[in-house]
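Novice: Have a look at this one.
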C-alpha cells in the first residue's frame, strides 16, 4: 500500500471500519455503488472488514468495477476465498482480467474444482454462450423421486446460481433427458418419479458456441429463466441464466448504438470515460471517415471544368449527398436490427435487394419530385434565377435524386449483409460509414447525370 | 366466413383437424409460428379444435399475431373463455386492439374479475410499468406459516404468472411488508412464520407510472425475476415479470435503432412490412429531412457571389459537412445510450457541454490538421493547383473544420437532452436529423470563416 499523505491518511482504517459496517446493511447493488466510489486502497481496507460471504456476493455481480484490481490487492488468502466462492461464470470473467503474474500465483492455490471450471470457462469466445454460462446448476438422475430431489436442492442450494430448473439426466450416460421447474416440483407428489413429473417435451438447449443474439432470441421466444448448455454428446456442461442474458443484451445494444453512430464500442458509462479514451474511440473513426470523404474533393477536382461552367450545380451538392446518406442509414438501421433479431438470414440478400430497389426508386421519386418542384417554383415566382437552362437543371436534380436514393438504399441494406458474410459485426455498418460511401459515389453519379442531360447547353 | 373457391376449399375443416392435432404436440413457440402462417379463417378453424387451455397459452404470448382479429372471429363463448383464462396483462393488450363493437359485446360477458382487471390495466400509458404488469401474483398475510403458504401456492399456482416470489402483506392494511422467494420458501421449516423466513430488507418495488427504461434498469441492477408494483398506500396492485421486461426492452431497442437511422418506429419483422407501410415509415422522415436540407441550397444561394469568385471552396463542401454530421452522430449515439441506461440525468447537461466542447475542439483540430496538410501537400507535390492563395484556403479549411466538428459535437450531445426535457423520446435525435441540422449551419459557418480569412484576396 502506498504511503498516504494529507490530513485523513491516518483515519483510513478507522473510516474503513465505519464504512464496512454501513455497507453490510445495504442492498448488494447499493453496496457496490459505494465500493465503486472508493479508490483501490480504501476499497481493499473495506473488503477486508466485510464477511467473506458478503464480499463474494459483491464480486458475483458484473457491476463491481475494478474487481480484478481488487483481487490483486487483497491478501492472497482472502482473494482465494472469494474466487472459490464466486459463481464460476463471474469468477472466470474477473480472472481473465487479473494481471498475468497474480493470476499464476492465485491459480495454483484455488480449489481443484474451481481451477477446472475456470480453465473450461475461460476457453470460450467472448460472444458465445460458453462465455455467459455457469457450471453451478442442479442435475439429478432420472431414477430419483420428487422428495429426494427436493432434499438435494435444499442441500446444495447455496452453491447454485439458480434452482428454479432441475435437469434430469440418464443415470448411466449422464445425457440430458428432461427438465423440471421448481414450480412443478412443489406441485408433484413427493414419492412420484422425477422423470414422470417433468415436462414431456425435450428441453430447449444450446451449445457453448451458440452466439449471444441467438441465446437472447431463445429466451424471448420461450420465456425462459435459464437454459442448459449441452456438449455434442447431449451432456449438460452448464447453464445460462436470464439475468446474464439481459446484461449481455444491454451491453450489446450499447455497443451497437455506438457503432451505428460511428464510435468505437465503449463499455463504460459516459462520464467515466477519460478524455483521451474518448478521443481515441471517436478520433479513430472520425479520421478514417474523413479520409474516405476526402475522395469527394478528388471527385470534384476531376469534374473541375464542369463545375466552372455550371456553378449552379454546386448549390444542390449538399442536398443530393445528404439524401443518399439518409436513405442509406434508414436501410442500414432496418437491416441491422432485423439481422440481430434473426428475422433475416444471410440467404435473404436477394429478396432484400429486390425490396430495396423498389422502395429506393419510390422514395427517390418522392424526393426527386420535391426537388424538381422547388426549382420550377423558385424560378417562376422569382426567388432565384437558375439561368436559362433551369428546366434541364431541374430534370438533372430529379434524375440524380432517384438514382442516389436508390443507390443509398441498396448500399445501406447490403453492407450489413456483406459484413456478416465476412464474419464482422453487421452493426459496424454505421450510419456515417454508409453516408461516406454514398457521398463519394454520389458526386460521380451527380456529375455524370449532369454531363448527359446538360451536354451541349450548360456543359 | 367467406365462401372459398378453388380446389382445397372443401378440405378446410379436414385439414384443420390434422393441423390441430399436429399443433397440440408442438412447443408453444412453434405452435404460434404455425398459426401465424395461416389466414384468419383457417386459424379460427384450427383454434376451435384446440383444447381451450392450449389456446390460452398461445394467446398469452405477444408473438401470436393478429390475436385481436382471431378473438373477433372466434365464436363468442370460445373468445370469452380465452380472455377469462389469459394473463391479465396479455388480455389487456389484446383487448385494446379488438374493434370497438366486438369489444363492447365481449366485455359484458367476461367474468367480473377479468372485467375489473382489464379496466384497470388498459388505463396505463404505453411505456409505463402499468402497461407491463399483470395482476396475477401471489400475496399472503404475514401471519401465515411456510406450510400454509406452500399449500396456497399449490392451490392457486395455475392462475398465476409466476410463483417464484410471494409477497407478504400486513393482514389488516394489506400493505406490502416483505417478499420471499420460492427458493427460500422450500428451504425454510414448514411451521416457521412466513415473515420471519422472508428477506429482512424492504423489497424493491415500482409504481404503475415508472417508465420501461427505469424498470429495466432495476431488473439489471438487482438481478430480479419479478418486481411488485405498489400504489401510493404501499399496496401491491400487480407485478412485472422479467420476460415482459426483456420483450419490452428488445422492442424499444428496435425502435431506437430505427429512429436513430431516421425511420419511423416499426414493430413488425422487416419482411412483413408491406411496401406502402415501408414507404410511409421511411418517406415521411426522408421528405422532412430533405426539406430541412433544402436550406443548404438557400444558404449557398445567399453566398452566390463568394461561390462565383472562389469555386475552389466548393471542393471542400462535402468534406466539411460530413465531418460535422459525423461528429454529431457520434455524440448523439453516446448521449442517447447514456440517457437510456440512466447513466446521465437531465441536470448533467452542463457537464456534457464542457466535455463535448473540449472533445469537439480536439477532434476538430485533428481533422483540421489532416485537411490542412492535404491541401499543402497536394499543392506542393503538384497533384492539384488551388491557386495562388492556397495557404489561406488551407487555413480556412482548418478553422472551419475545428468550428464545425465542435459545433456538431455540441448539437449532437444537446439535442437528446432538449428532446428529453420537452418529454420527447431522446432517441428521436436521429443521426440524419443531427446531420441535417449541422449541414445547414455548416454552410453558413464555412462561408463566414472564408469571408474573414479570404477577404481582400480571393473574396
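Chains as they are written, first to last, in my numbering: chain R, 834 to 1292; chain X, 834 to 1292. Backbone N, C-alpha and C define an ideal beta-carbon position, used for all residues, glycine too. Note that the structure is predicted; figures quoted are calculated from it, not measured.
Quick check: what's the CA-CA separation for residue 906 of chain X versus residue 969 of chain X?
Specialist: Rounded to whole angstroms, residue 906 of chain X to residue 969 of chain X spans 27 Å at the Cα level.
Novice: Using a Cβ-Cβ cut-off of 6 Å (strictly less than) and excluding sequence neighbours within five positions of residue 1279 of chain R, which residues of its own chain qualify?
Specialist: If we look at residue 1279 of chain R and ignore the five residues flanking it on each side, its Cβ neighbours are 1153 and 1233.
Novice: Measuring only between beta-carbons, confirm whether residue 1034 of chain X sits less than 9 Å from chain R.
Specialist: Yes, residue 1034 of chain X counts as interfacial toward chain R.
Novice: Could you tell me whether the segment 1184-1195 of chain R touches the segment 1125-1134 of chain X, using the rule of 3 or more Cβ pairs below 8 Å?
Specialist: The segment 1184-1195 of chain R, when compared against the segment 1125-1134 of chain X, does not touch it at the 8 Å Cβ threshold.
Novice: Between which residues of its own chain and residue 1132 of chain R is the CB-CB distance below 7 Å, once the five residues before and five after are set aside?
Specialist: 1273, 1276 and 1277, listed in sequence order.
Novice: Measure the alpha-carbon distance for residue 1190 of chain R versus residue 936 of chain X and round it to whole angstroms.
Specialist: Distance between the alpha carbons of residue 1190 of chain R and residue 936 of chain X: 41 Å.
Novice: Among the candidates R:1240, R:1091 and R:1027, whose CA atom is the shortest distance from the CA of residue 1160 of chain R?
Specialist: Of R:1240, R:1091 and R:1027, the residue nearest in Cα terms is R:1240.
Novice: If you draw a straight line from the C-alpha of residue 1136 of chain R to the C-alpha of residue 1121 of chain R, how long is it?
Specialist: Whole-angstrom Cα-Cα distance: 24 Å.
Novice: On the premise that residue 1058 of chain X lies in contact with residue 1074 of chain X, defined as a C-beta separation below 8 Å, what is that separation, rounded to the nearest angstrom?
Specialist: Correct: roughly 7 Å between the Cβ atoms.
Novice: Ordered along the chain, which non-local residues of its own chain (more than five positions away) have a Cβ less than 6 Å from that of residue 1043 of chain X?
Specialist: These residues qualify, in order along the chain: 962.
Novice: Beta carbons nearer than 8 Å to chain X: which residues of the segment 976-1009 of chain R have them?
Specialist: Listed in sequence order: 983, 986, 987, 990, 996 and 997.
Novice: Give the interface partners of residue 1119 of chain R over in chain X, defined as CB-CB distance under 8 Å, in chain order.
Specialist: Residues of chain X passing the Cβ test: 1156, 1159, 1160, 1163, 1196, 1199, 1200 and 1238.
Novice: From residue 870 of chain R to residue 864 of chain R, what distance separates their C-alpha atoms?
Specialist: If I take the Cα positions, the gap works out to 10 Å.
Novice: Does the beta-carbon of residue 849 of chain X have 16 or more other beta-carbons within 10 angstroms, so that it is buried, or is it exposed?
Specialist: Buried, because 16 or more other Cβ atoms sit within 10 Å of the Cβ of residue 849 of chain X.
Novice: Does any CB atom of chain R fall closer than 9 Å to the CB of residue 933 of chain X?
Specialist: Output row for residue 933 of chain X: interface = no.
Novice: Are the CB atoms of residue 888 of chain X and residue 915 of chain X within a distance shorter than 9 Å?
Specialist: Their beta carbons are under 9 Å apart, which means residue 915 of chain X touches residue 888 of chain X by this criterion.
Novice: Ends of the alpha helix (DSSP H) at residue 1248 of chain X?
Specialist: That run of the alpha helix (DSSP H) goes 1223-1254.
Novice: Work out the CA separation of residue 874 of chain X and residue 834 of chain X for me, nearest whole Å.
Specialist: For residue 834 of chain X, the predicted structure reports a pLDDT of 42, less than 50, and the residue's modelled location is therefore unreliable. A value from the coordinates is still provided. Each residue's alpha carbon lies about 7 Å from the other.
Novice: Note down, in chain order, each residue of its chain lying with its Cβ closer than 8 Å to the Cβ of residue 867 of chain R, except the 5 sequence neighbours on either side.
Specialist: Answer for residue 867 of chain R: 852, 855, 856 and 859, listed in chain order.
Novice: Based on the DSSP output, what are the partners of residue 1000 of chain R in its beta bridges?
Specialist: The partner list for residue 1000 of chain R (beta bridge, DSSP) reads R:972 and R:1012.
Novice: Hey, would you say residue 1151 of chain R sits closer than 9 Å to residue 1129 of chain X, going by beta carbons?
Specialist: Their beta carbons are under 9 Å apart, which means residue 1151 of chain R touches residue 1129 of chain X by this criterion.
Novice: Using beta carbons (cut-off 9 Å, strictly below), is residue 870 of chain R in contact with chain X?
Specialist: No, because no Cβ of chain X sits closer than 9 Å to the Cβ of residue 870 of chain R.
Novice: Relative to the alpha-carbon of residue 976 of chain X, which residue among X:997, X:1024 and X:938 has its alpha-carbon at the smallest distance?
Specialist: Considering only alpha carbons, the answer is X:1024.
Novice: With H, G and I counted as helix, E and B as strand and the rest as coil, what does DSSP make of residue 1096 of chain X?
Specialist: Residue 1096 of chain X: coil per DSSP, three-state reduction.
Novice: Between residue 1081 of chain R and the rest of its own chain, which residues show a CB-CB distance below 7 Å, the 5 nearest in sequence each way excluded?
Specialist: Here the set comprises 965 and 1045.
Novice: What are the residues that DSSP puts in a beta bridge with residue 1207 of chain R?
Specialist: Paired residues: none, contrary to the question.
Novice: Closer than 9 Å between beta carbons: that is the criterion. Which residues of the segment 919-949 of chain X meet it against chain R?
Specialist: Cβ contacts with chain R come from no residue of the segment 919-949 of chain X.
Novice: May I ask you to report which of helix, strand or coil DSSP gives residue 835 of chain R?
Specialist: With a pLDDT of only 43 at residue 835 of chain R, under 50, the local geometry of the prediction cannot be trusted, and the value read off the model is given with reservation. If DSSP states are grouped into helix, strand and coil, residue 835 of chain R belongs with coil.
Novice: I believe residue 1015 of chain R touches residue 1009 of chain R by the beta-carbon criterion, under 8 Å. Please report the beta-carbon distance rounded to the nearest angstrom.
Specialist: Between residue 1009 of chain R and residue 1015 of chain R the Cβ distance is about 18 Å, and since that is not below 8 Å, they are no contact.
Novice: Quick check for students: name the residue ranges of the beta strand (DSSP E) that lie wholly in the segment 876-931 of chain R, counting only runs of 3 or more.
Specialist: Those beta strand (DSSP E) runs which fall completely within the segment 876-931 of chain R and span 3+ residues do not exist here.
Novice: Using 9 Å as the limit for Cβ to Cβ distance, is residue 1168 of chain R near chain X?
Specialist: At least one chain X Cβ lies under 9 Å of residue 1168 of chain R.
Novice: Would you say residue 1256 of chain R faces chain X, with C-beta separation under 9 Å as the test?
Specialist: Taking Cβ atoms only, chain X never reaches closer than 9 Å to residue 1256 of chain R, which makes this a no.
Novice: Touching or not, the segment 1208-1220 of chain R and the segment 1239-1259 of chain R, by the rule of three or more beta carbon pairs under 8 Å?
Specialist: Touching, no, given that fewer than three Cβ pairs across the two stretches are closer than 8 Å.
Novice: In terms of residues, what are the limits of the beta strand (DSSP E) holding residue 1061 of chain X?
Specialist: First-last of the beta strand (DSSP E) with residue 1061 of chain X: 1059-1063.
Novice: Compile a chain-ordered list of the residues in the segment 1094-1127 of chain R whose CB is closer than 8 Å to at least one CB of chain X.
Specialist: Cβ contacts with chain X: 1094, 1095, 1096, 1099, 1102, 1103, 1104, 1108, 1111, 1112, 1115, 1116, 1118, 1119, 1120, 1122, 1123, 1124, 1126 and 1127.
Novice: Start and end of the alpha helix (DSSP H) containing residue 1286 of chain X?
Specialist: 1264-1286 is the span of the alpha helix (DSSP H), which, as asked, contains residue 1286 of chain X.
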